[in-house]
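Note that the protein sequences, when read in sequence, are chains A and B.
Taking numbering that gives the first Met the number 0, I'd label the letters of the first sequence as residues 0 to 612.
Taking numbering that gives the first Met the number 0, I'd label the letters of the second sequence as residues 0 to 612.
Even glycine gets a Cβ: it sits at the ideal position worked out from N, Cα and C.
Okay, structure first, notes after.
Protein chains: 2
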Amino acid sequence: MPANHALAESSVDLLIVGAGPAGLMLALWASKFDMKTRIVDKKDTRVSTGHADGLHSRTAEILQSFGIAQDSIYRAYHVNEICSWNPKSSNEKEIERTQTVFAQPQNLSRFPLSGLNQGAIERMLEDEIRSEGRVNIERNTIPVALHLEGTEECYENQESSQGSYPVHVTLRNIGPKTLATQIDQVVRAKYVVGCDGAHSWVRHILNMTMEGQKTDTQFGVMDIIPLTNFPDIRKSCVIHSKNGSVMTMPREDRLVRLYVQLGEMAKGSEMVNPADVTPELILEHAQRIYHPYKLNFKICDWHSVYTVGQRLAPRFDYKNRIFLAGDAVHTHSPTLGQGMNVSMQDAFNLGWKLGSVITGAMKPEILGTYNEERRPVAMTLIELDKEMTEFYCKGPSKQSRDYQTFRDSFAGFVSGVSVCYCPSVLVANTSDQSLAGNIKLGQRLPSHKVVCSAEANPVHLLDMMPSNGAWRILTFAGDIGSPSQLERVQQLGAYLELLKTQYSSPEHATMEIFLVYSGSRDFNILDLHAVYHPWDDTLGWDYWKVFSDDVWDFEPCQSPYEKYGVDKQLGCIIILRPDQHVSYIGALDNFNNLSRFFNGVLIRRPGIGERAI
Amino acid sequence: MPANHALAESSVDLLIVGAGPAGLMLALWASKFDMKTRIVDKKDTRVSTGHADGLHSRTAEILQSFGIAQDSIYRAYHVNEICSWNPKSSNEKEIERTQTVFAQPQNLSRFPLSGLNQGAIERMLEDEIRSEGRVNIERNTIPVALHLEGTEECYENQESSQGSYPVHVTLRNIGPKTLATQIDQVVRAKYVVGCDGAHSWVRHILNMTMEGQKTDTQFGVMDIIPLTNFPDIRKSCVIHSKNGSVMTMPREDRLVRLYVQLGEMAKGSEMVNPADVTPELILEHAQRIYHPYKLNFKICDWHSVYTVGQRLAPRFDYKNRIFLAGDAVHTHSPTLGQGMNVSMQDAFNLGWKLGSVITGAMKPEILGTYNEERRPVAMTLIELDKEMTEFYCKGPSKQSRDYQTFRDSFAGFVSGVSVCYCPSVLVANTSDQSLAGNIKLGQRLPSHKVVCSAEANPVHLLDMMPSNGAWRILTFAGDIGSPSQLERVQQLGAYLELLKTQYSSPEHATMEIFLVYSGSRDFNILDLHAVYHPWDDTLGWDYWKVFSDDVWDFEPCQSPYEKYGVDKQLGCIIILRPDQHVSYIGALDNFNNLSRFFNGVLIRRPGIGERAI
């Protein structure tokens, strides 16, 4: 359908279709950039109960990077231990606890795996988007037509088309028909992202077919306040009985989420009709599995039925102008609690890239890395999900009896923390991994405590690097008590100042410099090159960029140099992408590698020539 | 002026005059009780800049007990180190850093001394009061008449008058005169509290005269974003120069608060007129003191002038019906950052007592403890304030050169944490202090981490005891792996159940039971007496009252038994007041002491006879 049909037209930089976790995360990123964004959703409100309920460590880290994790982490249930239950060896009709395992290694992230309902997380995202004031969520609104302007050649020459608005989407208000605004409108967008769920309209209009299929495995899911004598009801449990399997996830407000295998129903050739499944029916199945323990409830907050299926889209992008994220490109079972998390992580990967390209800081070709980086994650997830479905459906097994070993094999991945992006224009294979033994190229930088040198304040390093679209050059300066090392750091400072001038404007910092030194804190940071504590004529020196490794935290702590595996004398330099993934690890004096890296990624400021640096 | 003058009349349980930090803290407490409260304030908005700026550890703990410390602590500046500067030994015209000291011992509280402006704290209190929905802050409203009904005898026989509303206050709206509500109204209150500041109308109407006087010492105070090469500008500093003294407190949003001695002006017989003091004039004084360092600013957020005076009211109460809190009963210099803190702590002491008496849980005579407990704190504060004023005014001294020793002498008191209430009806001298070496009778219980046994979750013990008006019986159960010890704990459970029945109704828990055990966490808490995990027909067992000492927190931790100084085998029992101060320490089997204590404080539920327990 052609767009110019006498309808009202407007233009935006970014149009997001769908305001679930992926769409909201993208809108949150967008609201950190100076650009025009719209986000539409067909529903009239966000979800209030049920749905996704697991907040994995990496997602919590991401929320923290926007300054909004505090409250959710405080309110959420923290999953520290998981109990595995199996048929009793002396009486197979009853279950017994066979193992209690750690949900994930304690040093994996500063945030635990948590249980909190999707509605609470969406509200936090909405609140933050609203407080930024740049993006308004338009509900009761659907796209009804999409048209991509121009020829294919247009998109191959990316740079010349950045000023154009080639994606034309017709939007329709489907709310109560009381206003004149019911008339369709056309939005001309530079970029469109479909975050519109498993039945994605955007994916459909692009003629993209999901690969994979549904299985005949069904889980009944419910959020109840349990009345029970089961001793591990407030721990996450993996229960295998002779009557089927249950997976549980305790939550806020006394709720417990139960995933109950609807075993007997699935054995027939007919699938159960979700409309026929009541909480009482799910409970009946659960009661048989929990035997000899009693389980009941008076309050059921939400319930649903999942038919397990694993499906994946062939690509996550279309001609570098239209992108898809979250359920729109991958669907799987809820057993790993990954749906909401991976969807938000998709959008977190995409958001800063779109923002940087739209505002002219980064080259458009970097947008291809979204599909390159996120589709492999979804592929791994789908393989793991198949394994998990089998784990729950095949009954008691070696894996259910040695759950610790099984869990350890995937805990890092499901936490989102060990996800690693391959070398690309954004992840430099010129890196020297040996300089930082515990920092992995392509992975997100773990956060450890450092001491703000000027304030003598222990802070988490990553808390000083909020998600604002800036690249971070993190200088592990080594022992600047040594004059030769200090001299090296000062020379690096002079180089970094030139580099920064090429790519950052005074109004918008594309690049921020941080420094962590080792050794005595009896050091005046104003003696360092000014690039490490930039001056502002109104605000004075920036005291929040130089840190010491002299950490105390009620009790003595390991130095962050040791935690990161960096030599305390020599140090090293790290480049962090705006999403905190490590782009580069190198020596303090290898300026060439730094220049080459940024030259491939960033666009020089107009009027700033190529100086000899 | 008689109250019955054809004016509209209404009645409330509690009328609070003044919505500053003390009044708001009182209103917050009031909103936790099922009673009718009004709070009025003459101003039309709360303060937005300047004023008080120090948030001491105990105040942060109090905010945390209402669940509202997270955000403020996250945003605030944390004062870890204080730098002392004195004239250079080689050149007295310049200053040099002579010592860097810890602001307070690291184990004093889980919350540091913080810098955050009064407006931010008032907003947090207001937000929480609003979310509770029971109390509405009425601005532009002043009291113009107060009348206390009845004879003195009426107040001696407290119990018989609990149902009456003997304090009649006429309120006047002084807002824009556009509404008919301008007409005065009469409020009949059970209790009235004046939190109306240094020029308290309530104190004035009670004919109470403040004792003490103003000095001729003046400080210029300003919040600036400094432009400076002074190396310790982002640390709290105590600076003594030949040209006077400065005390600094860094804050949120790059601000630094400076208290600058207006030395030369104070030397004349004439005091400076505050209206004549500009930020530029304060800066001039500061510049002379900071020499040879440069100090300037472009942004000054707020400024003011304080003339130091120390004054104290003879009593904090009047016939147990009218009370005064905060600046209304004690004023002093701002150098210790105590004004807002002690005011909130006054109100925190008073609020639960009024709430408990009004709702019939506690005996009215306990109200006398407010004056008994808080006036000595104010006396100590005023003595210390005199010492501090002298410290700043007398120039460089032994104390300014050995600031660590001086600071250590008062750090505990100014943090609010070491405040200790003497034995009274609320603090039992039948206690056996030896059973808990690090828990001090009359002091607030420090919070240490324990593990929620059912959830395997490390939590701060005090976070499980939010301020809701309940008394807490904290059972350190010892090693319940030992059958004899378990038996002791079960017998205590049976006794506690009877005790609880006498004083708590199902709707309102006057008493909550907590248990912390030592030893293996492989223990089913449902095997404990039900009083330790109470049953609710709809909500099931309460899993958040039983804790283990098996704490981990990324790194191995000391057991809370060791931190509290409690024997790991034998344990002990602690009674905590609703304000977390320790009322009693005793052996697990000394039931008599428990009965006797609560009998002196709480009112039995109607219809619950005195059983033989």
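Residue(s) in a DSSP beta bridge with residue i
i	result
Cys299/A	Ile223/A
Glu80/B	Phe101/B
Asn85/B	Glu95/B
Asn428/A	DSSP lists no partner for Asn428/A.
Asp478/A	Ser517/A
Ala188/B	Val11/B and Val166/B
Ser240/B	Gly243/B
Ser423/A	Val426/A
Asp535/B	Gly539/B
Close beta carbons around residue i, own chain, < 7 Å, minus the five adjacent residues each side
i	result
Ile574/A	Trp470, Ile472, Ser582, Tyr583 and Phe596
Ser519/B	Gly480
Arg604/B	Gln501, Tyr502 and Ser504
Arg253/B	Ile224
Thr358/B	Phe32, Asp33 and Met34
Pro313/B	Met207 and Glu210
Nonlocal neighbours in the same chain, by C-beta distance under 6 Å from residue i, ignoring five residues either side
i	result
Gly219/A	Val259, Leu261, Val276, Ile281 and Val304
Pro457/B	Lys448, Val450, Val550 and Asp552
Ala68/B	Ala59 and Leu62
Glu95/A	Lys87
Val78/B	Ala102, Leu112 and Ser235
Val307/B	Thr214, Thr216, Ser332 and Thr388
Gly118/B	Val46 and Ser47
Arg74/B	Glu251
Gly53/B	Gly336
Contact check, residue i vs residue j, beta carbons under 9 Å
i	j	result
Val515/B	Ala455/B	no
Ala18/A	Lys35/A	no
Glu64/B	Ser466/B	Per the sequence shown, the amino acid found at residue 64/B is Ser instead of Glu. Result yes, Cβ atoms of Ser64/B and Ser466/B sit closer than 9 Å.
Pro20/B	Gly325/B	yes
Leu434/B	Cys571/B	yes
Leu246/B	Val255/B	First, the residue type needs correcting, since residue 246/B is Met and not Leu in the sequence shown. Cβ distance not < 9 Å, so Met246/B and Val255/B don't count as in contact.
Gln344/A	Thr214/A	no
Asn319/A	Glu382/A	no
Leu147/A	Tyr420/A	no
Ala51/B	Ile81/B	no
Ile204/A	Pro142/A	yes
Arg250/B	Gly114/B	yes
Phe513/A	Thr474/A	yes
Phe315/A	Val328/A	yes
Arg109/B	Ser446/B	yes
Tyr292/A	Phe229/A	yes
Tyr369/A	Ser83/A	no
Gly22/B	Cys194/B	yes
Leu353/A	Leu25/A	yes
Proximity test, residue i beta-carbon vs the ligand NAP heavy atom, cut-off 8 Å
i	result
Ile524/A	Questions concerning the ligand NAP fall outside what the structure shown contains, since it holds no ligand whatsoever.
8 Å Cβ shell around residue i - same chain, five flanking residues per side excluded
i	result
Met123/B	Leu62, Ile67, Asp70 and Ser71
Pro422/B	Asn428, Leu440 and Gly441
Phe390/A	Ser396, Gln398, Ser399 and Phe405
What are the residues in the segment 206-230 of chain A lying within 7 Å of chain B by C-beta distance? Listed in sequence order: Ile224, Pro225, Leu226, Thr227, Asn228 and Pro230.
With 7 Å as the C-beta to C-beta threshold (strictly closer), list the residues of the segment 510-524 of chain B near chain A in chain order. Within the segment 510-524 of chain B, the residues whose Cβ lies closer than 7 Å to some Cβ of chain A are Asn523, listed in chain order.
Could you pull out every unbroken beta strand (DSSP E) segment of at least 3 residues lying fully inside the segment 26-53 of chain B, listed in chain order? Those beta strand (DSSP E) runs which fall completely within the segment 26-53 of chain B and span 3+ residues are 36-39.
Inside the segment 352-436 of chain B only - alpha helix (DSSP H) runs reaching at least 4 residues: Whole alpha helix (DSSP H) segments, 4+ residues: 367-392, 397-400, 402-407 and 410-414.
Residues, ordered as in the chain, of the segment 43-71 of chain A that lie near chain B by beta-carbon distance below 8 Å: When C-beta distances to chain B are compared with 8 Å, the residues of the segment 43-71 of chain A below that value are Gln69 and Asp70, in chain order.
Against chain B: residues of the segment 238-259 of chain A by CB proximity under 7 Å: Along the segment 238-259 of chain A, going in chain order, the ones with a CB nearer than 7 Å to a CB of chain B are Pro249 and Arg253.
Members of the segment 296-309 of chain A that neighbour chain B once the beta carbon cut-off is set at 7 Å: Taking 7 Å as the Cβ-Cβ cut-off against chain B, the residues of the segment 296-309 of chain A that qualify are Lys297 and Ile298.
Residues from the segment 421-454 of chain B in contact with chain A, defined by Cβ distance under 7 Å: Within the segment 421-454 of chain B, contact with chain A at the beta-carbon level (separation under 7 Å) is assigned to Ala453 and Glu454.
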